[in-house]
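full-length UniProt numbering numbers the first residue of the sequence shown as 1 and each following residue consecutively. Just below is one structure, and these are the notes that go with it.
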Amino acid sequence: MTFRLDYTVPQQKNNSIPNPPGYLPPASSKQLSSKSAQIDSDALVKQNKKATELKLRRAWDLALAPAKALPMQAVMLYFSGSGIQIFSLAMIFSLLTGPITAVFSIFRAFESLRPTSTPSSSLKSDEIAEPSYGPLVLPMIAYVACQGLVLALGLYKCSTMGILPSGSGDWLHFETRLDPPEWSAIRSLSLG
Numbered sequence: 001m002t003f004r005l006d007y008t009v010p011q012q013k014n015n016s017i018p019n020p021p022g023y024l025p026p027a028s029s030k031q032l033s034s035k036s037a038q039i040d041s042d043a044l045v046k047q048n049k050k051a052t053e054l055k056l057r058r059a060w061d062l063a064l065a066p067a068k069a070l071p072m073q074a075v076m077l078y079f080s081g082s083g084i085q086i087f088s089l090a091m092i093f094s095l096l097t098g099p100i101t102a103v104f105s106i107f108r109a110f111e112s113l114r115p116t117s118t119p120s121s122s123l124k125s126d127e128i129a130e131p132s133y134g135p136l137v138l139p140m141i142a143y144v145a146c147q148g149l150v151l152a153l154g155l156y157k158c159s160t161m162g163i164l165p166s167g168s169g170d171w172l173h174f175e176t177r178l179d180p181p182e183w184s185a186i187r188s189l190s191l192g
């Protein structure tokens, strides 16, 4: 004795419950193929343009994110104190290494936001245009500048803590001293 479950919903024409708004009844493959033939290139261009605008907006959000986090990082550095403790050193380490690694991985950060170019007549109909970083140049420059601000904040904190060698006393080891000139008349007579 075998059981067979039927998961299909029977289509009744005299259904008293109306379909909800936005519901489209299932279409046959013949109807789907005729609808796909009706989509024209203008709709694809509009859709591509809309997607490109959205990606550029997201790219600007990504580029300005380090600058938006800068005030909070400044407050946290202020409350960490000017003494050399584990907590303040860990924060400074993250402020100094984070921007450097972010700048070196900039292409990976903006990889998903590369807009595809509109299909042109030079491409065949079955070829897909390769996404480029061209429209993302300004957001990338802003991203690097914002990461530079984060790095400058970390260097400023190092300077205020006295870790950054910025005074002349920090470089005495590398200073060379000349032999003093002889001013003693007695010593000059003894040397000849």
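Every residue, glycine too, gets a C-beta built ideally from N, C-alpha and C.
**Asked** Whose C-beta lies closer than 7 Å to the C-beta of Gly154 among residues of the same chain, with five residues either side of it excluded?
**Response** On the sequence shown, position 154 is the one that residue 154 refers to. Hits under 7 Å: Ile92, Leu95 and Leu96.
**Prompt:** Given a threshold of 16 other Cβ atoms within 10 Å of its Cβ, counted over all protein chains shown, does Ser88 qualify as buried or as exposed?
**Reply:** Looking up residue 88 in the sequence shown gives position 88. By the neighbour-count criterion, in which a residue is buried when 16 or more other Cβ atoms sit within 10 angstroms of its Cβ, Ser88 is buried.
**Message:** On the DSSP letters alone, give me the boundaries of the alpha helix (DSSP H) that Met140 sits inside.
**Reply:** Within the sequence shown, residue 140 is the residue found at index 140, counting from 1. Start and end: Val137 to Met161.
**Asked** Under the rule that 16 or more other beta-carbon atoms within 10 Å means buried, what is Phe110, buried or exposed?
**Response** The residue given as residue 110 occupies position 110 in the sequence shown. With 16 or more other Cβ atoms within 10 Å, it is buried.
**Prompt:** Using DSSP with H/G/I as helix, E/B as strand and the rest coil, what is Leu24?
**Reply:** Within the sequence shown, numbered from 1, the residue matching residue 24 stands at position 24. Three-state result, Leu24: coil.
**Message:** Please report the straight-line C-alpha distance between Arg158 and Ala63, rounded to a whole angstrom.
**Reply:** Sequence index remark: in the sequence shown, residue 158 carries index 158 (1-based). Sequence index remark: in the sequence shown, residue 63 carries index 63 (1-based). Before going on, a small fix: residue 158 reads as Cys here, not Arg. C-alpha of Cys158 to C-alpha of Ala63: approximately 25 Å in a straight line.
**Request:** Please determine, among Pro66, Ala90 and Gln73, the residue with the shortest C-alpha to C-alpha distance to Ala142.
**Result:** By 1-based counting over the sequence shown, the position of residue 142 is 142. Nearest of Pro66, Ala90 and Gln73 to Ala142, Cα basis: Pro66.
**Message:** Would Lys55 and Pro115 be called neighbours here (beta carbons separated by less than 8 Å)?
**Reply:** The count along the sequence shown starts at 1 and reaches residue 55 at position 55. The count along the sequence shown starts at 1 and reaches residue 115 at position 115. Yes, the pair counts as a contact, with Cβ atoms nearer than the cut-off.
**Prompt:** For Gln73 versus Val103, is the C-beta distance shorter than 8 Å?
**Reply:** Walking along the sequence shown from the start, residue 73 turns up at place 73. Walking along the sequence shown from the start, residue 103 turns up at place 103. With a cutoff of 8 Å on beta-carbon distance, Gln73 and Val103 are scored as not near each other.
**Request:** Kindly provide the ranges of any alpha helix (DSSP H) runs that are 4 or more residues long and lie completely inside the stretch 36-87, ordered along the chain.
**Result:** Taken in chain order, the complete alpha helix (DSSP H) segments of 4 or more residues contained in the stretch 36-87 are 41-80.
**Item:** Buried or exposed (CB count within 10 angstroms, at least 16 for buried), Leu191
**Value:** The residue you call residue 191 lines up with position 191 of the sequence shown. Burial state of Leu191 is exposed, judged by a 10 Å Cβ sphere holding fewer than 16 other Cβ atoms.
**Item:** Cβ-based burial, Ala59 [other Cβ within 10 Å; buried from 16]
**Value:** As a position in the sequence shown, residue 59 is number 59, starting the count at 1. Ala59 comes out buried.
**Asked** Is the beta carbon of Leu62 within less than 7 Å of some heavy atom of the ligand ZN?
**Response** By its list of ligands, the structure shown contains no ligand whatsoever, and the ligand ZN lies outside what it can speak to.
**Prompt:** Taking the C-alpha atoms as reference points, what is the distance between Ser168 and Arg177?
**Reply:** Taking the sequence shown and counting its residues from 1, the one referred to as residue 168 is at position 168. Taking the sequence shown and counting its residues from 1, the one referred to as residue 177 is at position 177. Pairing Ser168 with Arg177, the inter-Cα distance amounts to about 15 Å.
**Cut-off 7 Å between Cβ atoms - residues of its own chain near Leu136, not counting five sequence neighbours on either side** = Start at 1 with the first residue of the sequence shown, and residue 136 comes out as number 136. Cβ within range, chain order: Ala59, Phe110, Leu113 and Arg114.
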